[in-house]
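Student:
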Amino acid sequence: MELNSLSDLDFVMIRDLLFQQTGISITPNKKALVCSRLFKRVQINHLDSFGAYFQRLLSGQDPLELQTAMDLLTTNETYFFREPKHFEVLSGLAEKADRSRPFRVWSAACSTGEEVYTIAMKLAELSRIGRAPTWQVRGSDISTRVLETARSGHYPLDRKDDIPDELLKRYCLYGIGEYEGTLLIDKALRDKIEFAQINLIEPLPQLVPFDVIFLRNVLIYFDLPVKRKVITQLMAAMAPDGVLFVGLAESLNGVVDGLVSTGPGTYRLDRRR
Ligand SMILES: C[S@@+](CC[C@H](N)C(=O)[O-])C[C@H]1O[C@@H](n2cnc3c(N)ncnc32)[C@H](O)[C@@H]1O
0 MELNSLSDLD FVMIRDLLFQ QTGISITPNK KALVCSRLFK RVQINHLDSF GAYFQRLLSG
60 QDPLELQTAM DLLTTNETYF FREPKHFEVL SGLAEKADRS RPFRVWSAAC STGEEVYTIA
120 MKLAELSRIG RAPTWQVRGS DISTRVLETA RSGHYPLDRK DDIPDELLKR YCLYGIGEYE
180 GTLLIDKALR DKIEFAQINL IEPLPQLVPF DVIFLRNVLI YFDLPVKRKV ITQLMAAMAP
240 DGVLFVGLAE SLNGVVDGLV STGPGTYRLD RRR
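In terms of numbering that gives the first Met the number 0, the sequence shown opens at residue 0 and continues consecutively.
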């Protein structure tokens with residue numbers, strides 16, 4: 000079997016399956032990407048074509064393989080302190096927050112966890128010096144593979160370059176011996192975070208209202224109806240004064256009513272609703 004032997008019909012099959020499972024839309028220019036990401040799985044499963052592999056996924060008889068394929072087709076790029084302005088806005092919100100209850104934040108497409116730990120480091124630091132309430136942070140993603148890394152809080156050492164020195168010293172450990180060249184998020188911080196697999200296109204579990212929701216760099220993979228569905232669900236999970244962050248390259252213009260832009264990639268519920 001050749002790496003590039005993905006017929007148009009095979010492509011339509013996997014495109015539709017990916018959309019149905021995750022809400023992600025892909026166009027034919029992603030054919031080569033599909034081939035390179037799934038080629039090994041076809042071989043590991045001792046199948047002789049992409050078509051046969053996709054039939055297996057569609058049969059419903061191998062949910063684990065379906066999860067693996069969906070994991071491989073999602074794009075998980077992320078890093079600590081990505082789009083840093085949002086973390087300044089987050090700090091401002093935490094500093095103004097009601098001290099009588101925890102300040103609650105949800106990173107709803109958290110990938111391998113760098114976004115979650117960035118949020119946690121910022122809040123832990125403010126709380127430590129008495130400038131913010133206690134806090135709760137939740138991270139979720141559709142992909143079990145990325146959630147494993149997120150839970151472990153264990154990263155290649157070069158990821159440290161995005162973390163300010165002071166936070167690095169207080170909340171991260173350098174690996175030694177067999178862990179040389181790696182970075183581990185401090186256990187006390189890791190233990191404070193709840194991770195869960197949540198598919199944003201499915202009905203959401205019962206959630207406490209969040210003061211802040213991060214939904215960054217995932218909407219770009221969705222078409223308009225999917226964006227609308229996802230945002231409407233998240234709005235129902237926001238506290239009345241809650242704030243929603245989307246990626247700086249993403250806009251909610253014309254997606255839903257009931258949100259007001261308050262800055263780049265930053266929205267709050269429209270209080271006139
Ligand atoms: C590019 S990463 C963004 C990570 C992080 N939010 C950031 O901005 O750095 C996009 C993430 O969205 C997740 N994702 C895609 N479709 C999803 C869905 N339907 N439900 C939940 N997560 C999804 C992917 O698994 C991936 O980890």
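Glycine residues also receive a C-beta, built at the ideal position from the N, C-alpha and C atoms.
Treat the numbers as computed from the prediction; the structure is a model and nothing was measured.
(1) Closest to residue 162 by C-alpha separation, out of 83, 144, 236, 8, would be which residue?
(2) Hey, which unbroken runs of the alpha helix (DSSP H) at 4 residues or more fall wholly within the region 222–260?
(3) Please determine if the region 123–131 and the region 195–206 are in contact, where contact requires at least 3 C-beta pairs separated by less than 8 angstroms.
(4) Expressed to the nearest angstrom, what Euclidean distance is found between the alpha-carbon atoms of residue 209 and residue 259?
(5) Does ligand 1 have even one heavy atom less than 7 angstroms from the beta-carbon of residue 93?
(6) Pull up the CB-CB distance for residue 185 and residue 172, whole angstroms please, since I reckon it's below 8 angstroms.
(7) Would you mind giving the Cβ-Cβ distance between residue 116 and residue 91, rounded to the nearest angstrom? I have them listed as a contact below 8 angstroms.
(8) For residue 130, which of helix, strand or coil comes out of DSSP?
(9) What do you reckon, are the CB atoms on residue 118 and residue 126 nearer than 8 angstroms?
(10) Please name the residue or residues paired with residue 268 in a DSSP beta bridge.
(11) Whose C-alpha, out of 242, 75, 146, 223, is nearest the C-alpha of residue 216?
(12) Please report the residue range of the beta strand (DSSP E) in which residue 103 lies.
(13) Between residue 181 and residue 170, what straight-line distance do the alpha-carbon atoms span, to the nearest angstrom?
(14) CB-CB under 6 angstroms to residue 94, same chain, minus the five flanking residues each way: which ones, in chain order?
(15) Write down the C-beta distance between residue 111 and residue 67 rounded to the nearest angstrom, noting that I regard them as a contact closer than 8 angstroms.
(16) Could you give the DSSP three-state label for residue 62: helix, strand or coil?
(17) Name the DSSP beta bridge partners of residue 183, please?
(18) Would you be able to state if there are at least three C-beta pairs under 8 angstroms between the region 5–16 and the region 32–45?
(19) So what's residue 139 in DSSP terms, helix, strand or just coil?
(20) Does ligand 1 have a heavy atom nearer than 7 angstroms to the CB of residue 197?
(21) Within its chain, find whatever has a CB closer than 8 angstroms to the CB of residue 8; leave out the 5 residues flanking it on each side and keep chain order.
(22) Heavy atom of ligand 1 less than 7 angstroms from the Cβ of residue 21, yes or no?
(23) Can you tell me where the beta strand (DSSP E) holding residue 210 begins and where it ends?
(24) Buried or exposed for residue 56, please, with buried defined as at least 16 other CB atoms from any protein chain shown within 10 angstroms of its CB.
(25) Considering only their Cβ atoms, is the gap separating residue 221 from residue 23 smaller than 8 angstroms?
(26) Can the beta-carbon of residue 33 be found closer than 8 angstroms to that of residue 72?
(27) Alpha carbon to alpha carbon, how far is residue 261 from residue 141?
(28) With hydrogens ignored, establish whether the beta-carbon of residue 142 is closer than 7 angstroms to any heavy atom of ligand 1.
Tutor: Quick look at the numbers:
(1) The candidate whose alpha carbon is nearest that of residue 162 is 83.
(2) List check, alpha helix (DSSP H) in window: 223–235.
(3) The region 123–131 vs the region 195–206: no contact.
(4) Approximately 17 angstroms, taken between the alpha carbons.
(5) No, the Cβ of residue 93 stays beyond 7 angstroms of every heavy atom of ligand 1.
(6) Rounded, the Cβ-Cβ distance is 6 angstroms, consistent with contact.
(7) Incorrect: roughly 20 angstroms between the Cβ atoms, too far for contact.
(8) Coil.
(9) Not in contact: residue 118 and residue 126 (Cβ atoms no closer than 8 angstroms).
(10) Residue 268 is bridged to 258.
(11) Nearest of 242, 75, 146, 223 to residue 216, Cα basis: 75.
(12) Where residue 103 is concerned, the enclosing beta strand (DSSP E) stretches over 102–106.
(13) In a straight line, the C-alpha of residue 181 is about 14 angstroms away from that of residue 170.
(14) Here the set comprises 130, 131.
(15) With 8 angstroms as the limit, residue 111 and residue 67 do not qualify as a contact, their Cβ atoms being about 16 angstroms apart.
(16) Helix at residue 62.
(17) Beta-bridge annotation (DSSP): residue 183 is paired with 153, 172.
(18) Three or more beta-carbon pairs drawn from the region 32–45 and the region 5–16 are found closer than 8 angstroms, and the two stretches are therefore classed as touching.
(19) DSSP, read as helix, strand or coil, puts residue 139 in strand.
(20) Because some heavy atom of ligand 1 lies under 7 angstroms away, the Cβ of residue 197 counts as near it: yes.
(21) Beyond the five residues adjoining it in sequence on each side, residue 8 comes within less than 8 angstroms, by CB distance, of 50 in the same chain, given in chain order.
(22) Residue side-chain check: residue 21 places its Cβ nearer than 7 angstroms to a non-hydrogen atom of ligand 1.
(23) According to the DSSP assignment, residue 210 belongs to the beta strand (DSSP E) that extends over 209–214.
(24) Note on residue 56: 16 or more other CB atoms within 10 angstroms of its CB, so buried under the neighbour-count rule.
(25) The beta carbons of residue 23 and residue 221 sit closer together than 8 angstroms.
(26) It is a contact, given that the beta carbons lie within the stated cut-off.
(27) Distance between the alpha carbons of residue 261 and residue 141: 28 angstroms.
(28) Remark: the shortest separation between the CB of residue 142 and any heavy atom of ligand 1 falls under 7 angstroms.
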